[in-house]
Structure formats: C-alpha cells, structure tokens
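Asker: Protein chains in written order, with our numbering: chain A, 5 to 201; chain B, 71 to 211; chain C, 40 to 195. The beta-carbon is built from N, C-alpha and C at its ideal position, and this holds for glycine as well.
#1: State the start and end residues of the unbroken alpha helix (DSSP H) segment that holds residue 268 of chain B.
#2: Along chain A, which residues have their Cβ under 9 Å away from the Cβ of residue 191 of chain B?
#3: Which residues, taken in chain order from the segment 133 to 152 of chain B, show a beta carbon closer than 8 Å to some beta carbon of chain C?
#4: Given a cut-off of 9 Å, decide if residue 40 of chain C and residue 35 of chain C are closer than it, judged by their beta-carbon atoms.
#5: My output table needs one value for residue 68 of chain C: the three-state DSSP class, helix, strand or coil.
#6: Considering just the uninterrupted stretch of the alpha helix (DSSP H) at residue 40 of chain C, what are its terminal residues?
#7: Output the boundary residues of the alpha helix (DSSP H) element that contains residue 51 of chain A.
#8: With 9 Å as the threshold, decide whether the Cβ of residue 169 of chain B is near any Cβ in chain C.
#9: Would you list the residues sitting across from residue 121 of chain A in a DSSP beta bridge?
#10: With distance defined between alpha-carbon atoms, name the residue in A/171, A/167, A/87, A/103 nearest to residue 155 of chain B.
#11: I'd like to know whether the C-beta of residue 163 of chain C is nearer than 9 Å to at least one C-beta of chain B.
#12: With C-beta atoms as the reference, is residue 150 of chain A less than 9 Å away from residue 73 of chain C?
#13: Quick check on residue 26 of chain A: does DSSP put it in helix, strand or coil?
#14: Report the three-state DSSP secondary structure of residue 156 of chain A (helix, strand or coil).
#15: Can you tell me which of the three DSSP states residue 135 of chain B falls into?
#16: If you draw a straight line from the alpha carbon of residue 24 of chain A to that of residue 179 of chain B, how long is it in whole angstroms?
#17: If we count Cβ pairs, one from each stretch, closer than 8 Å, do we get three or more for the segment 104 to 111 of chain A versus the segment 102 to 118 of chain C?
#18: What is the rounded straight-line gap between the Cα of residue 9 of chain A and the Cα of residue 153 of chain A?
#19: With 16 as the cutoff for other CB atoms within 10 Å, does residue 106 of chain B come out buried or exposed?
#20: Is the number of C-beta pairs between the segment 39 to 58 of chain A and the segment 145 to 153 of chain B that are closer than 8 Å three or more?
#21: Going by other Cβ atoms of all chains shown within 10 Å of its Cβ, with 16 needed for buried, is residue 113 of chain A buried or exposed?
#22: By the criterion of Cβ-Cβ separation under 7 Å, what are the contact partners of residue 142 of chain A in chain C?
#23: For the alpha helix (DSSP H) that contains residue 149 of chain C, what are its first and last residues?
#24: Got a sec: which bits of the segment 121 to 140 of chain A sit with their beta carbon under 9 Å from any beta carbon on chain E, in order along the chain?
#25: Which whole-angstrom value describes the C-beta separation of residue 189 of chain B and residue 104 of chain B, a residue pair presumed to lie in contact below a C-beta threshold of 8 Å?
#26: Taking only the alpha-carbon atoms, compute the straight-line gap between residue 91 of chain A and residue 120 of chain C and give it to the nearest angstrom.
#27: Since residue 86 of chain B and residue 19 of chain A should fall inside the 8 Å C-beta cutoff, what is the C-beta to C-beta distance between them, to a whole number of angstroms?
#28: Among all the DSSP beta bridges, which residues are the ones paired with residue 83 of chain A?
#29: Considering only their Cβ atoms, is the gap separating residue 164 of chain C from residue 49 of chain A smaller than 9 Å?
#30: Would residue 115 of chain C pass as an interface residue toward chain A - the criterion being a Cβ-Cβ separation below 9 Å?
#31: Determine which residues of the segment 101 to 118 of chain A have a Cβ less than 7 Å from any Cβ of chain B, and write them out in chain order.
#32: Are residue 84 of chain B and residue 114 of chain B close, meaning C-beta to C-beta below 9 Å?
#33: Rounded to the nearest angstrom, how far is the Cβ of residue 168 of chain C from that of residue 94 of chain A, given a contact under 8 Å?
#34: Among B/74, B/94, B/79, B/73, which residue has its Cα nearest to the Cα of residue 102 of chain A?
#35: Which bits of chain A does residue 194 of chain B rub up against, with CB to CB less than 8 Å?
#36: Looking only at its own chain, which residues have a Cβ that is under 7 Å from the Cβ of residue 11 of chain A, when we skip the five neighbours before and after it?
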C-alpha cells in the first residue's frame, strides 16, 4: 500500500514540475526545474528497484546536464520572448493536437501490456532468468546489471562508449574551434592562435 | 478497452508516464525558445526511461543485486542496462544540442526559432551575389 | 571565488575524497550499484569543482588539453583492446572466457578492464565538455559565420 502511495505521489510531483516548466518564462528557473525533474525521477527509479539507473540518472541527468545547461545560460538571454496571445494559442493548439493524437495511440498500446509487476510477463521469462542464474553460478558477481552491461551485452556498451567519445569530439569541434576554416581565417587575419581552449 | 477498472488498476503507471511523455513532446513542438526545446527533449527522454523501467518491475521483487538467501524475486535487469546506455547517450545529445545553440546565438544573435528563420530569410538573396564576388576577388589575388 | 576562504578550504578538503569515492564506485561496481559511467561522472565532478573555485586556467593546468584528449581516446582503445586480446587468444571479439585459463576468472578480469575503459572515457568527456562550454568565447566565432547577419542588418 505504501509503495502504491509513494509511486502515485512521485508521479504526480513529476506532472506538477512539467506544468511549471511549460509556464515559466525565466530560462534559469526552467533549467533548475529540469534538474529537479531528473532528481525526482531518480527517486522514482529507486522505487522501481532500478538502483543503478537511479545512480546514473542522478549523477548524469541532475548533475552534468544541469551544469552544461547553466554553463550555456551564461552566454544567452535570460528570458524567453513572449509571443502575442494569437501566436501562443496557435502554437499550443498545433502541438496539442499532435500530442493528443500520439498520446491516444500510446494509451491504446499500453493497455494491452501485461499488468505492472506481473511475474509471468514475457519480459521476465525470456533471457533474464538465465542472466540472474549464471551471474550466481558461473560468474560469481553479485551485481547482475554490471555483468549484463559488460559481458552479456558488451557490444552495446562498446557502441555507447564510442557515442560518448564522438559527442565529446563534436562539442570540441563546435566550441573550441578545431576546424580548418577557423584556422585558415585566423592565418589570413594574421592572428596567432592560442592553443589554450 | 473492455474493462476500464482493470485498465486503471493494472496500468495507471503507464498512463501517467504517457502524460509526462506527451508533456515533453508538447514543449518541444510548441515552444520557440531553443533552450526550452532542449529542456523539453530531456524531459521527454526521462519519461521514456520511466516507462521502460516500469516494464521491468516485478511485484514483490528487489534490486537485481544477488543476495545470499535463496528464493528471492529480482526485478528484471535487462531494461536497467538498456536505460543506462540511453541515459548516457541522452546527455551526449543534450551537450551537442547546447553547443549548437551557442553557435546559433553567436551567428544570429537570437535563440528564438522564428527570429532566426527571419534573419536567415532576409540574408538569403544578397548572400549569393556577395559570396560570388568575394570568391572572384580571392581567386584573382 | 578563490577569494572566499570557506569555498577555497572546502574545495581543497573535498577534492581527494570525491576522487576516492569515484574510484570506490568504479571498482566496487561488481558488488554494489556502480560501474564505469557513475564513477566517470563523479571523478569529473571533482575536477569541475576545482575549476569552478580556482578558475578555468588553474583547472587547465591540472589537466592540460593534450592529457584530456589522450584519456578520451585511451578509454575507447582499452575497451577495443580487450576485445582484440580476446581474439588473439583464440576466442571471438570481446570473448572474456579465453583471457585467463579459468573462464570465470577471465570474465571477471574482462569486466573490470572494460568498465575501467568506460570510466576513463566518461571522465575525460565530461571534463572536456565543461571546459569547452565554460571557456567558450563568442567573439571568436562571430566574424566568420555572421557575415549575412551583419550585412542584412545594414551595418558594417
């Protein structure tokens, strides 16, 4: 019973934060609210027994993501431009129709899923029992999420590491100027390039 | 669809999370400010993660870290692994998006969608003839 | 912020324990929640704290640009290298069973090495992202891309 109440309260708090994000005009407040949303969903993950995911969401979503947003806000205007009411209502109506339509499709699919927590759901009887059993008998490693991440699904983690690497390279190219055109422009202008980014 | 009571008791988690997803999608589509669009995208991604992890929850289970006692039900570890990957990829996408917003602001002076499009449209026609004359003079010198 | 004695002292005191906690999360990921990604973010947070309090140049002196890029690549190379090592010992790519004579010990070693590679890359990327965003200078980019904008607004 208490689990049910906790779930419900956390989800309703998330809905409340979402409404606040839509209504707020100051971008600094919006960014902080996004960090709060990440933290509350990390609490929700703990409630759903996903402790590794909660750890990562709190560190990455509420930590690094908020730091990057705030570092960006230092160079950007602090308030969003307010459209006249006609523009706002037009935007909201178009977006609202798309969201209602997509939401209806998702709901129609979601009610066909097995009940939340059903032990006989197809998701629980496919490979998960084998991973849980072999982590105990063969690998002797208690954290099953780590064994699945690094061993059973090692290729996915390799791809993900390369994605993180590529994102770092992409941001360095975009913001620190490791591009040929910028160096050519600086050579033309005769500016000595400082290697300190 | 046949039994509305069982829909509410069995799947109310899914329904609220779908509302969160659609809220994030609404922010992405309707807001003009680029930073708010990125925030909406991050909210949408986190709601999708919530949906996925809800699929992996087992009633009466515990976190998938093996304990010494037997006969314990563990929640499904596979969605946790997939969402771990998705969270990190999500922050990578957000970082790239923010870098693009910074460059757009440096180039156009604004981060509102409609203003950027207006400035681009105003500069479209003269830019072709001006760029052609610039490259001609560079090739000659 | 380096003039504020409270912030300066706290940053100095916290720097090492944060890194130790990050290493604990990295290598204890087999027995408790943790692993490469979380540890990478925690260790990067220690360096980001140092750069926030003592300035970006001081942070850059601690971890120079070339070291950052080298760590970035080293993590991915370590991960791929473990896969190639598996191939060279007679197994498939990323097969940990053949790394050591005992298959389950080989799996253990493979998992630890691979997670360490992930942790290296994530640390380096988070730190590089922070320095790229915080050290961004809009004037360096305004001239080459905003030709159209300047001309259209009737100036220059």
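Answerer: Reading from the atomic positions:
#1: A question about residue 268 of chain B goes unanswered here, because the residues of chain B that appear run from 71 up to 211.
#2: Residues of chain A passing the Cβ test: none, with the nearest at roughly 17 Å.
#3: Along the segment 133 to 152 of chain B, going in chain order, the ones with a CB nearer than 8 Å to a CB of chain C are 133, 135.
#4: A query on residue 35 of chain C cannot be resolved here, the shown segment of chain C reaching from 40 to 195 and no further.
#5: The answer is coil: DSSP assigns residue 68 of chain C none of H, G, I, E or B.
#6: Segment: none, residue 40 of chain C is in no alpha helix (DSSP H) and carries neither H nor E.
#7: For residue 51 of chain A, the enclosing alpha helix (DSSP H) stretches over residues 31 to 51.
#8: Yes, because at least one Cβ of chain C sits closer than 9 Å to the Cβ of residue 169 of chain B.
#9: Its beta-bridge partners are B/128.
#10: The residue with the shortest Cα to Cα distance from residue 155 of chain B is A/167.
#11: Not closer than 9 Å to any Cβ of chain B, the Cβ of residue 163 of chain C fails to qualify, so no.
#12: It is a contact, given that the beta carbons lie within the stated cut-off.
#13: Residue 26 of chain A: helix per DSSP, three-state reduction.
#14: Helix at residue 156 of chain A.
#15: Three-state DSSP puts residue 135 of chain B in a strand.
#16: Each residue's alpha carbon lies about 27 Å from the other.
#17: With the rule of 3 Cβ pairs closer than 8 Å, the segment 104 to 111 of chain A does not count as touching the segment 102 to 118 of chain C.
#18: Between the alpha carbons of residue 9 of chain A and residue 153 of chain A lies a distance of about 32 Å.
#19: When all chains shown are included, residue 106 of chain B counts as buried.
#20: Cβ pair count under 8 Å is three or more, so yes.
#21: With a 10 Å radius around the Cβ and a threshold of 16 neighbouring Cβ atoms, residue 113 of chain A comes out exposed.
#22: Correct list: 143.
#23: Segment 142 to 173, the alpha helix (DSSP H) holding residue 149 of chain C.
#24: Absent from the structure: chain E. Protein chains present are A, B and C.
#25: About 14 Å separates the two Cβ atoms, so there is no contact after all.
#26: So the alpha carbons of these two residues sit roughly 55 Å apart.
#27: The pair is a contact, with the Cβ atoms about 7 Å apart (cut-off 8 Å).
#28: Answer is A/30.
#29: Inclusion of residue 49 of chain A and residue 164 of chain C in the CB contact set at 9 Å is not warranted, their separation being larger than that value.
#30: Closer than 9 Å to some Cβ of chain A, the Cβ of residue 115 of chain C qualifies, so yes.
#31: Contact residues of the segment 101 to 118 of chain A toward chain B are 102, 103, 106, 107, 110, 111, 114, 115, 117 (C-beta to C-beta distance below 7 Å).
#32: No, the pair does not count as a contact, with Cβ atoms beyond the cut-off.
#33: About 36 Å separates the Cβ atoms of residue 168 of chain C and residue 94 of chain A, ruling out a contact at the 8 Å cut-off.
#34: Nearest option by C-alpha distance: B/94.
#35: None at all; the shortest Cβ gap to chain A is about 21 Å.
#36: Only 51 meet the Cβ criterion.
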